[in-house]
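Undergrad:
Protein chains: 2
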Amino acid sequence: MKATILANGDFPTLNSLINELREAEFLVACDGAVCHLEQLEIQPDIIIGDLDSITERLKEKYSQKIIHIKEQESNDLSKAFFYCVDLGYDDFSILGATGKREDHTIANISLLSIYIHHCKSVVIKSDFGTFSVHKTPCKISSQKGQQISIFTPNPNTLLTSKGLKYPLHHLALPLWAKGTLNEARGEYFTLHSQKEGECVILYHALIH
Amino acid sequence: MKATILANGDFPTLNSLINELREAEFLVACDGAVCHLEQLEIQPDIIIGDLDSITERLKEKYSQKIIHIKEQESNDLSKAFFYCVDLGYDDFSILGATGKREDHTIANISLLSIYIHHCKSVVIKSDFGTFSVHKTPCKISSQKGQQISIFTPNPNTLLTSKGLKYPLHHLALPLWAKGTLNEARGEYFTLHSQKEGECVILYHALIH
Numbered sequence: 001m002k003a004t005i006l007a008n009g010d011f012p013t014l015n016s017l018i019n020e021l022r023e024a025e026f027l028v029a030c031d032g033a034v035c036h037l038e039q040l041e042i043q044p045d046i047i048i049g050d051l052d053s054i055t056e057r058l059k060e061k062y063s064q065k066i067i068h069i070k071e072q073e074s075n076d077l078s079k080a081f082f083y084c085v086d087l088g089y090d091d092f093s094i095l096g097a098t099g100k101r102e103d104h105t106i107a108n109i110s111l112l113s114i115y116i117h118h119c120k121s122v123v124i125k126s127d128f129g130t131f132s133v134h135k136t137p138c139k140i141s142s143q144k145g146q147q148i149s150i151f152t153p154n155p156n157t158l159l160t161s162k163g164l165k166y167p168l169h170h171l172a173l174p175l176w177a178k179g180t181l182n183e184a185r186g187e188y189f190t191l192h193s194q195k196e197g198e199c200v201i202l203y204h205a206l207i208h
Numbered sequence: 001m002k003a004t005i006l007a008n009g010d011f012p013t014l015n016s017l018i019n020e021l022r023e024a025e026f027l028v029a030c031d032g033a034v035c036h037l038e039q040l041e042i043q044p045d046i047i048i049g050d051l052d053s054i055t056e057r058l059k060e061k062y063s064q065k066i067i068h069i070k071e072q073e074s075n076d077l078s079k080a081f082f083y084c085v086d087l088g089y090d091d092f093s094i095l096g097a098t099g100k101r102e103d104h105t106i107a108n109i110s111l112l113s114i115y116i117h118h119c120k121s122v123v124i125k126s127d128f129g130t131f132s133v134h135k136t137p138c139k140i141s142s143q144k145g146q147q148i149s150i151f152t153p154n155p156n157t158l159l160t161s162k163g164l165k166y167p168l169h170h171l172a173l174p175l176w177a178k179g180t181l182n183e184a185r186g187e188y189f190t191l192h193s194q195k196e197g198e199c200v201i202l203y204h205a206l207i208h
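If you read the sequences in order, they're chains A and B.
Residue 66 in the UniProt record's numbering sits at position 66 of the first sequence, and the numbers go up by one each step.
Residue 35 in the UniProt record's numbering sits at position 35 of the second sequence, and the numbers go up by one each step.
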């Protein structure tokens, strides 16, 4: 069961992403993100957040769809994600999770390493690329020449790659910059780690 | 000696940041970022990068200011930073380092933890906030109610805070999201760690 979550960062502009919102089986808007949907006449199934950024008119219009979750420990994206998990959703596409405040961008990306323990698949998509999260060993689809960045939530993870332009050999990536600016040599690449089941967050840059 | 570096992410729109570019003592543009300066009739002192995104006209106009650094290991921002360090600059303000490709944003922010070992001060500023880098213990200026996020390049760093709304007590922040969404209670806050001299990257969100 697939859920699409729209967070309150940069609203996507790519047609493919707008269509994904339009055709979502189950669409959750985080707080103020509903305003962008409203402009495109896209109806979310539910709206989650503390609602401090929604207009009174929208609050009224969507009063039956608003879920109040009073809890200070997690951000709106996590509230939306875990609400969907409780409903049985296990395949997630998250849009609007990057852009604007950079600390929110970093936080949202890192949360993938938590979310993957609660679902089958979760990705963050933007106008610039896609973050996905995997456990080693993994075989990842790519396009030849596609720019790839690799982040390891556990900085001690020792990665080895096949199919990347700049191969990794038992390499740790404690500095976030260290795994960036790589490139796929073909239609897939593989990653494995000394210890199995390590979490890896991958970024596929869009090919323009 | 202060240098201002304009990287090739989102060009700032805030007047305060445009003025900083306009009044910079020494302004370095990374590659295509020079196009934005050109529109505002701001002259960079030097241009650094592989120049694959600069037009022929600009290449000609700035031919005396272009520094070619052929090296695949580091990104344009690092090339610009270390070129300035070699010239004796030790105080850095970096603009345009966030926005657009999210992997570049994350990489640039993490590089602060390297740069701080080579200069007195370095910050990344955007329309949304400012990243700065410090060694513990540190006393940090803030405004009451200002949103603060804390990132530790060494995930084992145990931080304790005074003056934050959600105090840290010997707390490690291995998950990047864990140190976000905090708030300053007054005009400053302090951070110290069990081991002295640990690196901390702070984000001060702009108050709008």
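Just so you know, even glycine gets a beta-carbon here, dropped at the ideal spot from N, CA and C.
What three-state label does DSSP hand residue 29(B) in the structure shown?
TA: Against the second sequence, residue 29(B) aligns to sequence position 29. DSSP places residue 29(B) in strand when its eight states are reduced to three.
Undergrad: If you draw a straight line from the alpha carbon of residue 149(A) to that of residue 103(B), how long is it in whole angstroms?
TA: As a position in the first sequence, residue 149(A) is number 149, starting the count at 1. As a position in the second sequence, residue 103(B) is number 103, starting the count at 1. Looking at the two C-alpha atoms, the distance is approximately 7 Å.
Undergrad: What does residue 198(B) reach in chain A if we use C-beta pairs closer than 9 Å?
TA: Residue 198(B) sits at position 198 when you count from the first residue of the second sequence. Within 9 Å Cβ-Cβ: nothing; residue 198(B) doesn't reach chain A, min ~14 Å.
Undergrad: I believe residue 138(A) touches residue 191(A) by the beta-carbon criterion, under 8 Å. Please report the beta-carbon distance rounded to the nearest angstrom.
TA: Here the question's residue 138(A) lines up with position 138 in the first sequence. Here the question's residue 191(A) lines up with position 191 in the first sequence. Indeed they touch by this definition, with Cβ atoms about 5 Å apart.
Undergrad: Does residue 83(B) come within less than 9 Å of chain A when only Cβ atoms are used?
TA: Within the second sequence, numbered from 1, the residue matching residue 83(B) stands at position 83. Not one chain A Cβ lies under 9 Å of residue 83(B).
Undergrad: Relative to the alpha-carbon of residue 166(B), which residue among 176(B), 152(B), 193(B) and 147(B) has its alpha-carbon at the smallest distance?
TA: On the second sequence, residue 166(B) is found 166 positions in, with the first residue counted as 1. Cα-wise, what sits closest to residue 166(B) is 147(B).
Undergrad: Where does residue 75(B) sit, in a helix, a strand or coil, going by DSSP?
TA: On the second sequence, position 75 is the one that residue 75(B) refers to. Residue 75(B) falls in the coil class under three-state DSSP.
Undergrad: Tell me the start and end of each unbroken alpha helix (DSSP H) in the region 32-67 of chain A that is at least 4 residues and wholly inside, in chain order.
TA: 34-39 and 56-61
Undergrad: Is the Cβ-Cβ distance between residue 121(B) and residue 90(B) less than 9 Å?
TA: Working through the second sequence from its first residue, we reach residue 121(B) at position 121. Working through the second sequence from its first residue, we reach residue 90(B) at position 90. In contact: residue 121(B) and residue 90(B) (Cβ atoms closer than 9 Å).
Undergrad: Could you tell me whether any Cβ in chain B is nearer than 9 Å to the Cβ of residue 70(A)?
TA: For this step, residue 70(A) is matched to residue 70 along the first sequence. Not an interface residue.
Undergrad: For residue 200(B) and residue 136(B), which I take to be in contact (beta-carbon distance under 8 Å), what is that distance rounded to the nearest angstrom?
TA: Translated into the one-based positions of the second sequence, residue 200(B) becomes position 200. Translated into the one-based positions of the second sequence, residue 136(B) becomes position 136. Their Cβ separation, rounded to whole angstroms, is 6 Å, which keeps residue 200(B) and residue 136(B) in contact under 8 Å.
Undergrad: Identify, in the order they occur along the chain, each residue of the same chain with its Cβ nearer than 6 Å to the Cβ of residue 144(B), setting aside the five sequence neighbours on each side.
TA: Start at 1 with the first residue of the second sequence, and residue 144(B) comes out as number 144. Excluding five sequence positions before and after residue 144(B), the CB atoms of its chain that fall closer than 6 Å to its own CB belong to 186, given in chain order.
Undergrad: Taking buried to mean at least 16 other C-beta atoms within 10 Å of its own C-beta, is residue 105(B) buried or exposed?
TA: Reading the second sequence from its first residue, position 105 is the one you call residue 105(B). With 16 or more Cβ atoms within 10 Å of its Cβ, residue 105(B) is classed as buried.
Undergrad: Can you pull the chain B residues whose beta carbon is under 7 Å from the beta carbon of residue 75(A), in chain order?
TA: Counting from 1 along the first sequence, the entry for residue 75(A) is found at position 75. Contact of residue 75(A) with chain B by beta-carbon distance below 7 Å involves 181.
Undergrad: Distance, Cα to Cα, residue 175(A) vs residue 155(A)?
TA: Taking the first residue of the first sequence as position 1, residue 175(A) is located at position 175. Taking the first residue of the first sequence as position 1, residue 155(A) is located at position 155. Residue 175(A) and residue 155(A): Cα-Cα distance of roughly 8 Å.
Undergrad: Taking the continuous beta strand (DSSP E) assigned at residue 190(A), which residues delimit it?
TA: Start at 1 with the first residue of the first sequence, and residue 190(A) comes out as number 190. Segment 188-193, the beta strand (DSSP E) holding residue 190(A).
Undergrad: Rank 46(B), 11(B) and 8(B) by C-alpha distance to the C-alpha of residue 26(B) and give the top, closest one.
TA: On the second sequence, position 26 is the one that residue 26(B) refers to. Checked all of 46(B), 11(B) and 8(B); the closest Cα to residue 26(B) is 46(B).
Undergrad: Which stretch, first to last residue, makes up the beta strand (DSSP E) that contains residue 172(B)?
TA: Counting from 1 along the second sequence, the entry for residue 172(B) is found at position 172. Unbroken run through residue 172(B): none, as it is neither H nor E.
Undergrad: Closer than 7 Å by beta-carbon distance: list the chain A residues that pair up with residue 101(B), in chain order.
TA: In the second sequence, counting from the first residue as 1, residue 101(B) sits at position 101. Near residue 101(B) (Cβ distances below 7 Å), the residues of chain A are 128, 129 and 205.
Undergrad: Which bits of chain B does residue 121(A) rub up against, with CB to CB less than 7 Å?
TA: Looking up residue 121(A) in the first sequence gives position 121. None at all; the shortest Cβ gap to chain B is about 19 Å.
Undergrad: Run through chain C and tell me which residues come within less than 7 Å of residue 98(A), C-beta to C-beta.
TA: Among the protein chains of the structure shown, namely A and B, there is no chain C.
Undergrad: Relative to the alpha-carbon of residue 59(A), which residue among 44(A), 72(A) and 2(A) has its alpha-carbon at the smallest distance?
TA: Residue mapping note: residue 59(A) aligns to position 59 of the first sequence, counting from 1. Nearest C-alpha to residue 59(A): 44(A).
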